[in-house]
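Q: Going down the list, the sequences are from chains A and B. Start counting the first sequence at 0; every next residue gets the next number (numbering that gives the first Met the number 0). Start counting the second sequence at 0; every next residue gets the next number (numbering that gives the first Met the number 0).
There are 2 protein chains.
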Amino acid sequence: MVSEVQPKRRNATATRARILQAAEQAFAELGYSQAGIREIATIARTSSTLLIRYFGSKAKLFEAALAEAMRPDFIGSVERQNLGEHLAEMFTRPDVVIRPPAMIALAAGDPQAREITARVTQELAVKPMAQWLGGADAEARAVQIFMLSTSFVLYTRQVPVMPVERGIDPAMTAWFARTVQDIVDGSASL
Amino acid sequence: MVSEVQPKRRNATATRARILQAAEQAFAELGYSQAGIREIATIARTSSTLLIRYFGSKAKLFEAALAEAMRPDFIGSVERQNLGEHLAEMFTRPDVVIRPPAMIALAAGDPQAREITARVTQELAVKPMAQWLGGADAEARAVQIFMLSTSFVLYTRQVPVMPVERGIDPAMTAWFARTVQDIVDGSASL
DNA sequence: GAATTTTGTTATCAGTTGATAACTTAGCTG
DNA sequence: CAGCTAAGTTATCAACTGATAACAAAATTC
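1. Can you tell me whether DSSP reads Ile97 (chain A) as helix, strand or coil?
2. Nearest-angstrom Cα distance between Ile42 (chain A) and Gln180 (chain B)?
3. Would you say Met161 (chain A) lies against chain B (beta-carbon separation less than 8 Å)?
4. At which residues does the alpha helix (DSSP H) containing Gln20 (chain A) begin and terminate?
5. Under 8 Å, Cβ to Cβ, is there at least one residue of chain B near Arg52 (chain A)?
6. Please look up how many angstroms separate the CB atoms of Glu23 (chain B) and Glu67 (chain B), rounded, as I've assumed it's under 8 Å.
7. Who are the near neighbours of Ile182 (chain B) in its chain, counting only those whose CB is closer than 7 Å to its CB and skipping five residues on each side?
8. Please go through the same chain and pick out, in chain order, the residues whose beta-carbon is closer than 6 Å to the beta-carbon of Thr91 (chain B), but skip the five residues on each side of it.
9. Helix or strand or just coil, what does DSSP make of Gln33 (chain B)?
10. Enumerate in chain order the residues of its own chain whose CB-to-CB distance from Glu84 (chain B) is below 7 Å, with the five nearest sequence positions on each side excluded.
11. Does DSSP classify Leu105 (chain B) as helix, strand or coil?
12. Under 9 Å, CB to CB, which of the residues in the region 117-136 of chain B have a partner in chain A?
13. For the alpha helix (DSSP H) that contains Asp184 (chain A), what are its first and last residues?
14. Name the two residues that bound the continuous alpha helix (DSSP H) containing Thr91 (chain B).
15. For Gln20 (chain B) and Glu62 (chain A), what's the separation of their Cα atoms in angstroms?
16. Taking C-beta to C-beta, are Gly108 (chain A) and Gly185 (chain A) nearer than 8 Å?
17. Starting from the beta carbon of Phe151 (chain B), find every residue of chain A whose beta carbon is closer than 7 Å, and list them in chain order.
18. On the three-pair Cβ rule with 8 Å, is the region 108-119 of chain B touching the region 43-53 of chain B?
19. In this structure, how does DSSP classify Val158 (chain B) when only helix, strand and coil are distinguished?
20. Val158 (chain B) and Ala101 (chain B) look like a contact to me (Cβ under 8 Å); what is the Cβ gap, rounded to whole Å?
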């Protein structure tokens, strides 16, 4: 067997993209402090040196990854009367880690990550959602939806307080969908 | 000025109690991974050595501190028709860190702490709350209340997405109280 | 085609972390 | 009061962290 040494093609943009992808995955699954730059680099099939070179620091990489994860926004093509069910369906899909809420929940432990989370979430998630919602207290209602989403994902996936054996409790999911929809419909803000 | 050296009284139980208190505070304010054992020991006016000797490990100390923080349960003397308002009032009290939700939210980043959180919360918070609630899906509804509490504290205190300048948005607080109360009243579970 | 810039690798630093070992000494016991 | 146990202190370990410096070689430029 002749093992030929690959000429190892060079491609900065591709490497950068792989790092960003790996960071999204690692931060969503392991959390900010648990995901080390070496580990992220390994997933991206590179070295931590390049990671730092391309993104400056772990915190800046987190910011970029969070922004990237929030790019394909929740809303957009969803009908107004369907957001509750839509989110519920997304968040209970098995074997799929829903990144934005997971990243937010698992980054809360680090002060630096917290500051970044607040800023990016406000800009890329709350503001668009508020605009989409419209009506009175739009911003507060948008935050409410993110509260529900974050804690729903946190408690059903990361901190499973109820025996989550075969999927997630239907009563819980139904409550989540209904409560989100109430916020959308505005009936929740009297 | 004659500076006399104190005979430094020895008292294991008192020291242990101070460590536990310090741990509660540090874990609630800084989070599991950010609160180092040296730092906790300093707050407790001891050494990290004694901390480890008395509690075995940082993880076990966290477990003890979380259990301790959940001992004076939310409920108890609260009237059924008042839980929503009661919690809302507690969580918006200025300059007071409400420990159980803060500890839960800021511990989610560490896998070991997550396991502990799930177990202790289930036993000391969800189960009693479910019993207090009664009715259909009591356990799921109890978890819902903890979801709301955790994320409310997280988003209003730790990850302030909305400019929380002078207190917390009244619309948000009202929504929280109402939603919790709906769960208590059972009207939320159809 | 030589020189320079860019992409990637290897070795390593300095700080921090949870945890122990080894040593003192207060305070109780007999 | 001698001796032992338990409470507390100091020094230190080993592993891991984010981040750099120094070096190698591919690709681009002139």
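Glycine included, C-beta positions come from ideal geometry on N, C-alpha and C.
A: In short, the structure shows the following:
1. In the three-state reduction of the DSSP assignment, Ile97 (chain A) falls in the coil class, being assigned neither a helical nor a strand state.
2. Rounded to whole angstroms, Ile42 (chain A) and Gln180 (chain B) show a C-alpha spacing of 46 Å.
3. At least one CB of chain B lies nearer than 8 Å to the CB of Met161 (chain A).
4. Ala11 to Leu29 is the span of the alpha helix (DSSP H), which, as asked, contains Gln20 (chain A).
5. Not an interface residue.
6. Yes, they are in contact, since the Cβ atoms of Glu23 (chain B) and Glu67 (chain B) sit about 6 Å apart, within 8 Å.
7. Correct list, in chain order: Arg140, Gln143 and Ile144.
8. Excluding five sequence positions before and after Thr91 (chain B), the CB atoms of its chain that fall closer than 6 Å to its own CB belong to Ile167 and Thr172, given in chain order.
9. Gln33 (chain B) falls in the coil class under three-state DSSP.
10. Within the same chain, Glu84 (chain B) has close Cβ partners Ala176.
11. Leu105 (chain B) falls in the coil class under three-state DSSP.
12. Within the region 117-136 of chain B, the qualifying residues are Ala117, Arg118, Thr120, Gln121, Ala124, Val125, Ala135 and Asp136.
13. It spans Pro169 to Asp184 - the alpha helix (DSSP H) in which Asp184 (chain A) sits, taken as one unbroken run.
14. Note, Thr91 (chain B): premise wrong, no alpha helix (DSSP H); not H, not E.
15. As the crow flies, the alpha-carbon of Gln20 (chain B) is around 35 Å from that of Glu62 (chain A).
16. Going by C-beta atoms, Gly108 (chain A) is not nearer than 8 Å to Gly185 (chain A).
17. Identification of chain A residues near Phe151 (chain B) by a Cβ-Cβ cut-off of 7 Å yields Met146, ordered along the chain.
18. Counting Cβ pairs under 8 Å, fewer than three are found: no touch.
19. Of the three classes helix, strand and coil, the one that applies to Val158 (chain B) here is coil, per DSSP.
20. Wrong, their Cβ atoms sit about 12 Å apart, outside the cutoff.
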